[in-house]
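Undergrad: Numbering (this note's numbering), first residue to last: 3 to 784.
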């Protein structure tokens, strides 16, 4: 018989006897181990499965110090294999002591090992707003070019699970699932295979990493299955691909037909988020499984702290998914308006910011001095207006520190009974403040935005009559309270209104520049993320309050978690028409077709400061525009090898790039031996780093290659909007195409003309026929 691993087994024995354990059973943690894929292929050629090798490796790390009599400790310290990964990442995750981990990283074939980490979870009208619905801007759903079966496209939602019986996931009218689908539905707590249908074609739960960190999931509190008890996953899944539901609303607000962006696409739900966290080992297993199952699009409304790409297992897996033709979108995060807070910044994923619709849910405050202030609320009651009642705030509402924020226990019942309490936004949840006010006997609440919140009006389902005011109105009402000690007010509710200025960037939406990678503009795009109505589990509270007994079939939420599935759905629409386009090509189409002006003809502004316009560090390439994304004219495509070469150009070491390549990688072996520079990644935007003091080279030249996907025999002329302080030149200035599918390259040079201390922005646009292919330029000065 052929030998399978003589050198490897010798290494294992050496590692085993060299191990000296000082560990305890409590010392064990979960680690993700990245293996050399070439070693795995070598094992397969010897008819050995990777899991056998992984188990041998883990066996080699078992501590021997307990073998002299303490058998219980010996077993308690045994390494535990959790998952094996083979589609987007090569390797496994396991629960190990620190000593076992140290022993493992020296074994041949182990590329990298990293401790498990966590990520956090972050419609009736948005399809119309995006021009998808008949009667909208373009009625794209009815366009001839979309008369191809979007039901062939499968969207994987990696989130908190799904409520399978919801009417949004009915399969009425859908044909049988394609034979290419390899996935299915797993049994679990209150979940059976019968819960799936031709709409919800896959549902699986991943919790080994979570339970390794937090202990076994209590099935009496949350479902140990793909069933969603939180609501977040159900909401995001229906936003991306929920079925059409007539007469949807939330307590009468946002009435209409609720449907996802690609409402005939199939859904596969992968539950990775539980009561306390979403662990990377579970997320990685879900991505790996989803790609094996056959999804076309992956949507992850999750965000984590910024760490280098080679340490971020979910981002590494996303590269593997992209290389296998799967489009991956992530939310940008909800840490705005501070700069450099954007998450999920890898160039191979779509990073989605959040902005507003022109729909509002209005709640007004009428003051006794005659001033009327407009705010936002979705308070549901037959009561359309409160009585005129005294206003109290801070010391007039409570003697304890924290009264201005309406923190638990801070309000005095004797001071707030039957009055309207003014509460500053911050620290505790907005709806939780209302519960504090109501518990103390208050009759209503006026919430005040801080300066950083700006004019962002996120509507909430309050437990008592309440409304949220923007920063300017908040400043005014605090001033009136100082002037008029006996100020009274009433709150009235106008319900759903339309026509507001939009889109505007959400204050909460995380901002660039990227804290990890200044050579890529992030986020990539913005999409609707404020006050989005979508499906909701009937058992879940409509707020984050555990004692909120209200339930609804639909709910209104805000966040980049809501904007991300909009783009996932748009990617599915594009995939249904252009099945041969790569994930990078689909991403290019979405980015270069985006718009940067609002419905009033102004540049998109920022709700955190409405006196200034937003920039590519807020909205990336602009607001998503699905009608033009289907037919963008030109594409910027990127291969998996291009991404690896890019990592080399930003000074990743061979060992670090090897982790993402899943095999040994040598950066010096780049094509034709040319020197690499970050600006040459064929990305649909331009991030430029220039020396403000002119100590170094002051001209940078980038190369791009575009593919004609529009019409044959067409010419494009370049139009440049120069960033302040920079001269921009393009060669050639005209691109002439004879055929569809033809590629042409151009170079663009950036030179310093005036030193600056702040970033400046511009754009490069290729215009030909009816096409306008726009790329943003962001210049950062160092």
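Glycine included, each C-beta is placed from N, C-alpha and C at the ideal position.
Helix, strand or coil for residue 770, going by three-state DSSP, please let me know.
TA: If DSSP states are grouped into helix, strand and coil, residue 770 belongs with the strands.
Undergrad: Is the beta carbon of residue 102 less than 8 Å from the beta carbon of residue 117?
TA: No.
Undergrad: Quick one: is residue 741 buried, meaning 16 or more other Cβ sit within 10 Å of its Cβ, or exposed?
TA: Burial call: exposed.
Undergrad: Can you say whether residue 217 is buried or exposed, counting buried as having 16 or more other CB atoms within 10 angstroms of its CB?
TA: Burial call: exposed.
Undergrad: Return the residue from the list 164, 648, 170, 503 that minimises the CA-CA distance to residue 225.
TA: Ranking 164, 648, 170, 503 by Cα distance to residue 225 puts 164 first.
Undergrad: Just curious, the beta strand (DSSP E) that residue 656 is in, first and last residue?
TA: No beta strand (DSSP E) contains residue 656, which is instead part of the alpha helix (DSSP H) from 656-663.
Undergrad: Kindly indicate which residue of 221, 271, 525 has the alpha-carbon position closest to the one of residue 240.
TA: For the residues 221, 271, 525, the minimum Cα distance to residue 240 belongs to 271.
Undergrad: Please classify residue 500: is it buried, with 16 or more other beta-carbons within 10 angstroms of its beta-carbon, or exposed?
TA: With fewer than 16 other Cβ atoms within 10 Å, it is exposed.
Undergrad: Who are the Cβ neighbours of residue 298 in its own chain at under 6 Å, not counting the five residues just before and after it?
TA: The residues are 155, 156, 577.
Undergrad: Since I believe residue 105 is in contact with residue 34 (beta carbons under 8 Å), could you give me their beta-carbon distance rounded to a whole number of angstroms?
TA: Not really, about 16 Å apart at Cβ, beyond 8 Å.
Undergrad: Would DSSP call residue 12 helix, strand or coil?
TA: Here residue 12 scores only 35 on pLDDT, less than 50, and its place in the model is too uncertain to base an answer on.
Undergrad: Are residue 710 and residue 636 closer than 8 Å when you measure CB to CB?
TA: Contact: yes.
Undergrad: So is residue 561 buried or exposed if we call it buried at 16+ other beta carbons inside 10 Å?
TA: Per the 10 Å Cβ criterion, buried.
Undergrad: Is the Cβ-Cβ distance between residue 407 and residue 422 less than 8 Å?
TA: No; because the gap between Cβ atoms is not below 8 Å, this pair is not in contact.
Undergrad: If you reduce the DSSP assignment to three classes, tell me which class residue 315 lands in.
TA: Residue 315 falls in the helix class under three-state DSSP.
Undergrad: Using C-beta distances below 6 Å, list every residue in its chain close to residue 663, excluding the 5 sequence neighbours before and after it, in chain order.
TA: Only 646 meet the Cβ criterion.
Undergrad: One question on the structure: do residue 758 and residue 765 come within less than 8 Å of each other, judged by their Cβ atoms?
TA: In this structure, residue 765 does not lie closer than 8 Å to residue 758 by Cβ.
Undergrad: Which residue from 203, 540, 559 puts its Cα closest to that of residue 551?
TA: Taking only the C-alpha atoms, the option nearest residue 551 is 540.
Undergrad: For residue 179, which residues from the same chain have a beta carbon less than 7 Å from its beta carbon, with the 5 sequence-adjacent residues on both sides left out?
TA: Cβ within range, chain order: 200, 203, 268.
Undergrad: Where do the ends of the alpha helix (DSSP H) carrying residue 102 lie?
TA: Here the alpha helix (DSSP H) through residue 102 covers 100-106.
Undergrad: Quick check on the DSSP output: the alpha helix (DSSP H) that includes residue 802 runs from which residue to which?
TA: Any answer about residue 802 is impossible in this case: the structure gives the chain only from 3 up to 784.
Undergrad: Taking the Cβ atom as the reference point for each residue, do residue 437 and residue 377 lie within a distance shorter than 8 Å?
TA: Cβ atoms of residue 437 and residue 377: not closer than 8 Å.
Undergrad: May I ask whether a heavy atom of the ligand MG can be found less than 7 Å away from the beta carbon of residue 484?
TA: Inclusion of the ligand MG in the displayed structure is not the case, the ligand content being empty and no account of it being possible.
Undergrad: Would a check of beta-carbon distances place residue 404 closer than 8 Å to chain C?
TA: Chain labels in this structure do not include chain C; a single protein chain is all it has.
Undergrad: Pop quiz: residue 523 and residue 780 are said to be a contact at Cβ under 8 Å. What is the actual Cβ separation, rounded to whole angstroms?
TA: So it is a contact: roughly 5 Å between Cβ atoms.
Undergrad: By how many angstroms is the C-alpha of residue 410 removed from the C-alpha of residue 59?
TA: The alpha-carbon atoms of residue 59 and residue 410 are separated by roughly 52 Å.
Undergrad: How long is the line joining the alpha carbons of residue 477 and residue 366, rounded to whole angstroms?
TA: Going from the Cα of residue 477 to the Cα of residue 366 covers about 16 Å.
Undergrad: Does the stretch 300-317 come into contact with the stretch 333-353, if we say contact requires no fewer than three beta-carbon pairs (one atom in each stretch) closer than 8 Å?
TA: Output reads yes: the stretch 333-353 touches the stretch 300-317.
Undergrad: Within its chain, find whatever has a CB closer than 8 Å to the CB of residue 784; leave out the 5 residues flanking it on each side and keep chain order.
TA: So the qualifying residues of the chain are 691, 692, 693, 694.
Undergrad: Please determine, among 190, 391, 566, the residue with the shortest C-alpha to C-alpha distance to residue 489.
TA: Of the candidates 190, 391, 566, the one whose C-alpha sits nearest the C-alpha of residue 489 is 391.
Undergrad: Quick one: using the 10 Å Cβ neighbour count with 16 as the cut-off for buried, is residue 789 buried or exposed?
TA: The chain is shown from 3 up to 784; residue 789 falls before or after that span and cannot be answered.
Undergrad: For residue 162 and residue 232, what's the separation of their Cα atoms in angstroms?
TA: Each residue's Cα considered, the two are about 7 Å apart.
Undergrad: Just tell me which of 657, 254, 374, 107 has its CA closest to the CA of residue 382.
TA: Checking every option, the nearest Cα to that of residue 382 belongs to 254.
Undergrad: Taking all protein chains shown into account, do 16 or more other C-beta atoms lie within 10 angstroms of the C-beta of residue 2, making it buried, or fewer, making it exposed?
TA: Because residue 2 is not part of the residues shown, which for the chain are 3 to 784, the question remains open.
Undergrad: Give every residue of the same chain whose Cβ lies closer than 6 Å to the Cβ of residue 573, excluding the five residues on either side of it in the sequence, and list them in chain order.
TA: Here the set comprises 299, 329, 588.
Undergrad: As a quick exercise: from 121, 295, 169, 356, pick the residue whose alpha carbon is nearest that of residue 184.
TA: Nearest C-alpha to residue 184: 295.
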